[in-house]
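Chemist: This structure is in structure tokens; I'll ask about it shortly.
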Amino acid sequence: MDIENKFAALLEVCSKLAMEVRPERLGGSGGGICKLKGKSIVFIDLDSEPELRYDRLVADLAKIPQIDTIFLLPEIRTDMERLD
327 MDIENKFAAL LEVCSKLAME VRPERLGGSG GGICKLKGKS IVFIDLDSEP
377 ELRYDRLVAD LAKIPQIDTI FLLPEIRTDM ERLD
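The sequence shown lines up with residues 327 to 410 when you count with the numbering used here.
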């Protein structure tokens with residue numbers, strides 16, 4: 327599965343977790359997840375390479391306790407274990 331399809335699957339996971347997704351130009355950092363006024367916001371860095379965006383989001387989602395209760399594609403689960 328290519329990186330764009332895996333990233334799209336991660337965005338679906340964010341939706342299931344009621345996270346707001348914001349594409350922004352952040353200078354190439356890859357983005358990440360933060361809490362803002364009690365709400366989880368996913369910043370997607372439009373200036374970064376797709377691989378970096380994916381790796382950052384996988385690593386951040388791995389830290390969320392309820393991620394174990396959500397179905398993830400096996401390829402994504404493997405990447406999550408690799409990056410955690």
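Built from N, CA and C at the ideal position, the CB exists for glycine as well.
#1: Is V347 near I329, with beta carbons less than 8 angstroms apart?
#2: I'd like to confirm the pairing. Which residues does DSSP put opposite P349 in its beta bridges?
#3: Do the CB positions of L378 and G356 come within less than 8 angstroms of each other?
#4: CB-CB under 6 angstroms to D273, same chain, minus the five flanking residues each way: which ones, in chain order?
#5: So what's I393 in DSSP terms, helix, strand or just coil?
#6: Going by DSSP, what residues sit across from K363 in a beta bridge?
Modeler: According to the structure shown:
#1: no
#2: I370
#3: yes
#4: There is simply no residue 273 to check, as the chain begins at 327 and stops at 410 in what is shown.
#5: helix
#6: Bridge partners of K363: none, in fact.
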